[in-house]
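See structure below.
In my numbering, the protein residues as written are 522 to 1362.
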């Protein structure tokens, strides 16, 4: 019994403080909660407070007595501990209805403070709902059916307080009463009651239900209950890991799509270890990846955010194992400026850390290498790519130096994080020096393997010239394509290039592939040509203030005419214009320190000036092309500004080529005579590139008209030949022969006159002579007659060749030469500088 004294409607406590009597309309003291807070959403206009808030979500709580609302304050906190905006506060009897700005999920709470500033409701749990069914006054036949998922909590909202609601299994619009299930009520001063479908055995997915509101304005609402089909299956139930952590995953699926779910990794004590929110995609699936740092048994609990429906995986066993790492070789070698490839073998491990260098060489950098999770590269092996050209480029820490081949990954790590004794860093003042660098591989923080990387001196060595048919320009895509074309005779060595054919530069140089790879790795660079042009046109040196700015590029390429006409400047390569005209294509072979530069001679652009700016776009009136009988010097230079050489004038290789006419002739310039037989050869010579197809046509008119065509291929010695079948043609018939190529010969198709002579007679066999003497052959003692002499066997006729397709298509006597297939693509003479391909040894 209370010791407070009530006098004239006021209460006096032991301290003498007075206030309104509990239960009066002006009471401001602590309240008891008679119905716990409930969250729900509704857009129904029949709900009493639907027009008082700017949102459609509410929290209702019922207290145990009357009170003065103005003396109280309320706080709603979401599951993440953040306060939720309250848009409206309404009182109905002993109930308070709060309009809030967002939906809530399990874990949300409400607090209340009275007029004395005391918190009398402290973080009370709010019962959240995800589907609401509101009573309205619409006739039943026009009501829509509310869909809900089995397992979620449903709010039934009446249009008046203290209303009872009967639930029935629905059979038809006029027959529900016979399937009564249960009755629920909203309670005193409350408009809402909650049904937990997951806690009731009489509510089943796939069924329809009817709710009859039994207040003064009775109404009926329908609901269909569906299965969310939420499942979670552990991707792996047995996981072994090395290092500090491992990934634990669950494959989650649902019959509903585009839904957020929360996945929580729980240990054997149901304590949360890790969690994350994921969205089920349009296929109704998602994989949730979480992280465990210790061995043990785990499960992953998955909750649908919208409904609160949960599911859980089977137990997942995680064990820590001791992995191992080793280098595939004891010693790795690479030229200064190139990309070293260091192969690491992983055993019972997905990742390891590799340290390069140390204090003694004033350079140290480390990378964490990780094997691919799936696919062909998930093979327990990672090839670390170390770009020695970049150690003095990019960020101060030199983070850009590492990458990994294929789908494996490599991530930069500060060296002192791997070895605390390291006092140097991953930045150098110049391109990494040629010397020996220690290698160490770590797993789980422990050193497990050692090796050596030897960075060797680089060089610029040679330039050889080749020619190829115009039709093959750009076909090369890989070094193997170039070597195959050379082997097949489709690319032949020559310093005389027929106009419009392809000039192939084979540049031997090392140490330039790191620079090329760095350009190729840039998002703005999509081809080897663009990578080379960047190195040929980008200034590498900033001039001090007040000094004249000069163009100091990493590489340079010049093509200059020799022996030009008097009083005229020689033609010089206009690089930017030539690239724009499509003159260059590049393929680099870093493994063999070679760059093949494919140049289409008729697209090369030149200007007549002593000072060519490689970055300049010249006008059409300023540019000229190469002409027949002109000679050019080609020079490729690795400049001092590249940091790859200390020579003031750089390191250069040169060669000379001459442009010749696309000349040729048939039958040495003489008339052609053939026999009226098959296998008749028509041949010619030409200066165009070996491997080029020549189309030959023999045509006669009049009473013995015919048209025969065949294709020949130019051989390495400049000849071409094919055979025709004239066996069905009349003797003494004259015909015209033409030969054409693409691009065409300089003076048009080659031509010659032809005549069909008599076919060579077939020799008659000579009979075997009879014996000269008349002496008869003695009769044998037996009655067996002497065998007659064998009849004369005629001498075999010379084999005649069967014409192909009736003789209209000739057989190539030199064999079919494949086109310059794949790899001479251009690095425009900057070949050696091309492609950041790596050299393995």
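For every residue, glycine included, the Cβ atom is placed at its ideal position computed from N, Cα and C.
Quick one: measure Cβ to Cβ for residue 879 and residue 886, integer angstroms, because I've assumed they're closer than 8 Å.
-> The residue you call residue 879 lines up with position 358 of the chain shown. The residue you call residue 886 lines up with position 365 of the chain shown. No, residue 879 and residue 886 are not in contact; Cβ-Cβ is about 10 Å, not under 8 Å.
Consult DSSP for residue 1038 and reduce its assignment to one of helix, strand or coil.
-> In the chain shown, residue 1038 corresponds to position 517, counting from 1. For residue 1038, the three-state secondary structure derived from DSSP is helix.
List the whole-angstrom C-beta distance separating residue 1093 from residue 1127, where the pair is believed to meet the contact cut-off of C-beta under 8 Å.
-> Position 572 of the chain shown, counted from the first residue, corresponds to residue 1093. Position 606 of the chain shown, counted from the first residue, corresponds to residue 1127. At roughly 6 Å, the Cβ-Cβ gap stays under 8 Å, so residue 1093 and residue 1127 are in contact.
Do the stretch 785 to 801 and the stretch 712 to 727 touch if we need at least three Cβ pairs shorter than 8 Å?
-> Too few Cβ pairs lie closer than 8 Å, so no.
Specify whether the stretch 548 to 561 and the stretch 644 to 653 touch according to this definition: at least 3 beta carbon pairs, one from each stretch, less than 8 Å apart.
-> Judged by pairs of C-beta atoms under 8 Å, the stretch 548 to 561 touches the stretch 644 to 653, as three or more such pairs exist.
Residue 872 to residue 827 span [Cα, whole Å] = As a working mapping, residue 872 is identified with position 351 in the chain shown. As a working mapping, residue 827 is identified with position 306 in the chain shown. Rounded to the nearest whole angstrom, the CA to CA distance from residue 872 to residue 827 is 38 Å.
For the stretch 887 to 951, list the alpha helix (DSSP H) runs that are entirely contained and at least 4 residues long, ordered along the chain.
-> Complete alpha helix (DSSP H) runs here, min 4: 936 to 939.
Between 718, 704 and 977, which lies nearest to residue 733 when the distance is taken from Cα to Cα?
-> Locating residue 733 in the chain shown gives position 212, counting from the first residue. Among 718, 704 and 977, the Cα nearest to that of residue 733 belongs to 704.
With 16 other Cβ atoms within 10 Å as the buried cut-off, status of residue 735 | Taking the chain shown and counting its residues from 1, one reaches residue 735 at position 214. Looking at its Cβ environment, which holds fewer than 16 other Cβ atoms inside 10 Å, residue 735 is exposed.
Using CA coordinates, which residue listed in 1222, 970, 1140 and 927 is at the minimum distance from residue 876?
-> The residue you call residue 876 lines up with position 355 of the chain shown. The option with the nearest alpha carbon to residue 876 is 970.
Does the beta-carbon of residue 859 have 16 or more other beta-carbons within 10 angstroms, so that it is buried, or is it exposed?
-> Taking the first residue of the chain shown as position 1, residue 859 is located at position 338. The residue in question, residue 859, is buried, as its Cβ has 16 or more Cβ neighbours within 10 Å.
What are the boundary residues of the beta strand (DSSP E) that includes residue 818?
-> The count along the chain shown starts at 1 and reaches residue 818 at position 297. 817 to 825 is the extent of the beta strand (DSSP E) around residue 818.
Residue range of the unbroken beta strand (DSSP E) whose run includes residue 1049 = Translated into positions along the chain shown, residue 1049 becomes position 528. It is not in any beta strand (DSSP E) - residue 1049 instead sits in the alpha helix (DSSP H) that spans 1049 to 1058.
Express the C-alpha separation of residue 755 and residue 818 in angstroms, rounding to a whole number.
-> Here residue 818 corresponds to residue number 297 of the chain shown, with the count starting at 1. Here residue 755 corresponds to residue number 234 of the chain shown, with the count starting at 1. Taking C-alpha positions only, residue 818 is separated from residue 755 by approximately 12 Å.
First and last residue of the uninterrupted alpha helix (DSSP H) at residue 1000 = Start at 1 with the first residue of the chain shown, and residue 1000 comes out as number 479. From DSSP, the alpha helix (DSSP H) with residue 1000 extends over 1000 to 1008.
Three-state class that DSSP yields for residue 590 in the structure shown = Sequence index remark: in the chain shown, residue 590 carries index 69 (1-based). In the structure shown, residue 590 sits in a helix (DSSP, three-state: H, G or I).
When you compare each of 788, 655 and 804 to residue 780 by their alpha carbons, which one comes out closest?
-> Within the chain shown, residue 780 is the residue found at index 259, counting from 1. The shortest C-alpha separation from residue 780 is found at 804.
Can you give me the start and stop residues for the beta strand (DSSP E) that residue 796 sits inside?
-> Taking the chain shown and counting its residues from 1, one reaches residue 796 at position 275. Here the beta strand (DSSP E) through residue 796 covers 793 to 800.
Looking at residue 1166 and residue 1159, is the spacing between their C-beta atoms short of 8 Å?
-> Mapped onto the chain shown, residue 1159 falls at position 638. Mapped onto the chain shown, residue 1166 falls at position 645. A contact, by the Cβ cut-off of 8 Å.
Stretch pair the stretch 840 to 849 + the stretch 862 to 871: three plus CB contacts closer than 8 Å | Segment contact: the stretch 840 to 849 against the stretch 862 to 871, three or more CB-CB distances shorter than 8 Å; contact assigned.
Determine, using beta carbons only, whether residue 975 and residue 857 come nearer to each other than 8 Å.
-> Reading the chain shown from its first residue, position 454 is the one you call residue 975. Reading the chain shown from its first residue, position 336 is the one you call residue 857. No, the Cβ-Cβ distance between residue 975 and residue 857 is not below 8 Å.
Contact between the stretch 808 to 825 and the stretch 763 to 782: three or more CB pairs below 8 Å?
-> Yes: the two stretches touch, three or more of their Cβ pairs being nearer than 8 Å.
Sub-8 Å separation of residue 1247 and residue 1185 beta-carbons = The sequence position of residue 1247 within the chain shown is 726, counting from 1. The sequence position of residue 1185 within the chain shown is 664, counting from 1. Judged by their CB atoms, residue 1247 and residue 1185 are not nearer to each other than the 8 Å cut-off.
Once you ignore the five residues that flank residue 634 on each side, which residues in its own chain have a CB closer than 6 Å to its CB?
-> Locating residue 634 in the chain shown gives position 113, counting from the first residue. Here residue 634 has 594 and 640 as same chain residues with Cβ atoms under 6 Å from its own Cβ, once five neighbours each way along the sequence are excluded.
Candidates 692, 988, 650 and 940: closest to residue 1180 by CA position = As a working mapping, residue 1180 is identified with position 659 in the chain shown. Ranking 692, 988, 650 and 940 by Cα distance to residue 1180 puts 988 first.
Can you tell which of 1189, 1025 and 968 has its C-alpha closest to the C-alpha of residue 1178?
-> Here residue 1178 refers to the residue found at position 657 when the chain shown is read from its first residue. Of the candidates 1189, 1025 and 968, the residue whose Cα lies closest to the Cα of residue 1178 is 1025.
Can you tell me which of the three DSSP states residue 831 falls into?
-> Translated into positions along the chain shown, residue 831 becomes position 310. Residue 831: strand per DSSP, three-state reduction.
Does DSSP put residue 844 in a helix, in a strand, or in coil?
-> For this step, residue 844 is matched to residue 323 along the chain shown. The answer is coil: DSSP assigns residue 844 none of H, G, I, E or B.
7 Å CB neighbourhood of residue 777 in its chain, flanking five on each side removed | The count along the chain shown starts at 1 and reaches residue 777 at position 256. 749.
What's the call for residue 1367, buried or exposed, on a 16-neighbour Cβ count within 10 Å?
-> Limits of the chain in this structure are 522 at one end and 1362 at the other, which puts residue 1367 out of reach.
Local conformation of residue 1295 per DSSP, three classes | For the purposes of this step, residue 1295 is taken as residue 774 along the chain shown, with counting starting at 1. Low per-residue confidence applies at residue 1295: pLDDT is 49, beneath 50, and the placement is therefore not dependable enough to give any value.
Are three or more beta carbon pairs between the stretch 946 to 960 and the stretch 925 to 932 nearer than 8 Å?
-> No contact exists between the stretch 946 to 960 and the stretch 925 to 932.
Who pairs with residue 670 in a beta bridge, going by DSSP?
-> As a position in the chain shown, residue 670 is number 149, starting the count at 1. According to DSSP, residue pairing for residue 670 in a beta bridge involves 747.
Determine the direct distance from the alpha carbon of residue 719 to that of residue 727, and round the result to whole angstroms.
-> As a first step, residue 727 must be located in the chain shown, where it is residue number 206. As a first step, residue 719 must be located in the chain shown, where it is residue number 198. Going by the C-alpha atoms only, they are around 14 Å apart.
If we count Cβ pairs, one from each stretch, closer than 8 Å, do we get three or more for the stretch 999 to 1017 versus the stretch 1187 to 1195?
-> Verdict: no, contact absent.
For the alpha helix (DSSP H) that residue 769 lies in, which residues bound it at each end?
-> Translated into the one-based positions of the chain shown, residue 769 becomes position 248. Element bounds for residue 769: not the alpha helix (DSSP H) but the beta strand (DSSP E), 767 to 774.
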